[in-house]
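Colleague: With this note's numbering, you'll find the sequence shown wraps up at 393, consecutive numbering, no jumps.
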Amino acid sequence: MLKRNKPFSNEKSPVLYLVGTPIGNLKDISQRAVEVLKSVDLIASEDTRNTSFLLKNLGIENKKLVSCYSQKEKEEGKKIINAMLTEGVSVAFVSDAGNPGISDPGAILCSMAIEENIPVTAVLGPSAFVQALITSGFDTSDFSFYGFLPVKENVRKDFLKNLKERKETLIFYESPHRIDKTLSSMFEAFGAERRVVISRELTKIHEEYLRGTLGDMIDFPEDAKRGEFVIIVEGAKNIESYTDDDKIIEYIKEYLEKGYSLKESVGIVSDELNLRKNYVYNIAKKI
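(1) Can you tell me which of the three DSSP states TYR348 falls into?
(2) Hey, would you say SER371 sits closer than 9 Å to TYR385, going by beta carbons?
(3) Rounded C-beta distance between LEU379 and ILE354? I'm assuming under 8 Å.
(4) What are the start and end residues of each continuous alpha helix (DSSP H) run of 4 or more residues lying completely inside the region 222-268, in chain order?
(5) Pairing CB atoms from the region 155-165 with CB atoms from the region 123-143, are three or more of them under 8 Å?
(6) Using a Cβ-Cβ cut-off of 6 Å (strictly less than) and excluding sequence neighbours within five positions of GLY333, which residues of its own chain qualify?
(7) Can you find the residues in the same chain that come closer than 6 Å, C-beta to C-beta, to HIS260, ignoring five residues on each side of it along the sequence?
(8) Would you decide whether SER217 is buried or exposed? Buried here means 16 or more other CB atoms lie within 10 Å of its CB.
(9) Once you ignore the five residues that flank ARG317 on each side, which residues in its own chain have a CB closer than 7 Å to its CB?
(10) Using alpha carbons as the reference points, say which of GLY194, PHE249, SER250 and PHE265 lies closest to PRO256.
(11) List the endpoints of the continuous alpha helix (DSSP H) containing THR157.
(12) To the nearest angstrom, report how far apart HIS312 and SER242 are at their CA atoms.
(13) Between the alpha carbons of TYR348 and GLY341, how many angstroms are there, rounded?
(14) Candidates SER290, LEU362, PRO206 and LYS310: which alpha carbon is nearest ILE337's?
(15) Should ASN205 go down as buried or exposed, given a rule of 16 or more other Cβ atoms within 10 Å for buried?
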């Protein structure tokens, strides 16, 4: 059945607002977001402590807050939806940072509201992965966002290996305590020469971009292991265009010196650099 949703067609109808919040710099919140947070009857949030801090800085007082974090979103969501249906309250949902539903709670509550024919709209805010993407220098016309990778090493490695030949720009989130393991898995899956940009502390005073290849990122700076990371990996389509022949020959010679045959060396280097074997073999014939 086709359903049509016009959140602003009936002023008396309760509306669920999915409100984007700053990812670091409090000045990034929109005027419309402030107006919505002031006007709604109830604010549901991922963490009421963080939301209380935000509201205080915005000069918004005496707002009813309810906690609706990931593990309790379905349970608390039922209560929120019931209040909207029986009491007609309007609700704003906010996550700790960024837009609800993007690697944060919000999607379940949104789905529950739609199921009950409650109008839903979004008041967009800053997005870490969008900022990281447009400042990466990589192709922005075709990309895939994967959020946080699996924690288990074998699952993570298999997941990344399945992305090895993807042509579009790849985007991931990662935390400081897992960045080394994730970069190691990416090195193994994509090869040493795949270009990558790692962004951290976005919109904050210590905002930083680390650019290079996955080979460069193996010795990730200790002083940069702070804040949340956005990892932008260039797609596979341009690998050969920026891989220098002399560098490939250097890699092959290293394995030949270790006792590997030319065929074995070509195979190893092809896997490490994410290049076609025929391409590497033709370069190897120059040795």
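Glycine residues also receive a C-beta, built at the ideal position from the N, C-alpha and C atoms.
Note that the coordinates shown come from a computational prediction; the quantities given were computed from them, not determined experimentally.
Modeller: Here's the rundown:
(1) On the sequence shown, position 242 is the one that residue 348 refers to. Since pLDDT at TYR348 reaches only 48, below the 50 mark, its modelled position is unreliable, and no value is offered.
(2) Along the sequence shown, one-based indexing puts residue 371 at 265. Along the sequence shown, one-based indexing puts residue 385 at 279. It is not a contact, given that the beta carbons lie outside the stated cut-off.
(3) Against the sequence shown, residue 379 aligns to sequence position 273. Against the sequence shown, residue 354 aligns to sequence position 248. Indeed they touch by this definition, with Cβ atoms about 7 Å apart.
(4) If we require 4 residues or more, the alpha helix (DSSP H) runs fully inside the region 222-268 come out as 234-240 and 259-267.
(5) Touching, yes.
(6) Locating residue 333 in the sequence shown gives position 227, counting from the first residue. Cβ neighbours of GLY333 beyond the five flanking positions: ARG306 and GLU307.
(7) The count along the sequence shown starts at 1 and reaches residue 260 at position 154. Correcting the residue identity first, residue 260 is Asn in this sequence and not His. Answer for ASN260: no residue qualifies.
(8) As a position in the sequence shown, residue 217 is number 111, starting the count at 1. So SER217 ends up on the exposed side.
(9) Within the sequence shown, residue 317 is the residue found at index 211, counting from 1. Here the set comprises VAL303.
(10) Translated into the one-based positions of the sequence shown, residue 256 becomes position 150. With distances taken between Cα atoms, PRO256 lies closest to PHE265.
(11) Looking up residue 157 in the sequence shown gives position 51. In the DSSP assignment, THR157 falls within the unbroken alpha helix (DSSP H) covering 154-164.
(12) Taking the first residue of the sequence shown as 1, we reach residue 312 at position 206. Taking the first residue of the sequence shown as 1, we reach residue 242 at position 136. When the Cα atoms are used, HIS312 and SER242 turn out to be separated by approximately 17 Å.
(13) Taking the first residue of the sequence shown as 1, we reach residue 348 at position 242. Taking the first residue of the sequence shown as 1, we reach residue 341 at position 235. Any reading at TYR348 needs caution, since the residue's pLDDT is 48, under 50, leaving its predicted position unreliable; the model's value is listed next. Looking at the backbone, the Cα of TYR348 and that of GLY341 are separated by about 12 Å.
(14) Here the question's residue 337 lines up with position 231 in the sequence shown. Ranking the options by Cα distance to ILE337, first place goes to SER290.
(15) Here residue 205 refers to the residue found at position 99 of the sequence shown. Buried: at least 16 other Cβ atoms inside 10 Å.
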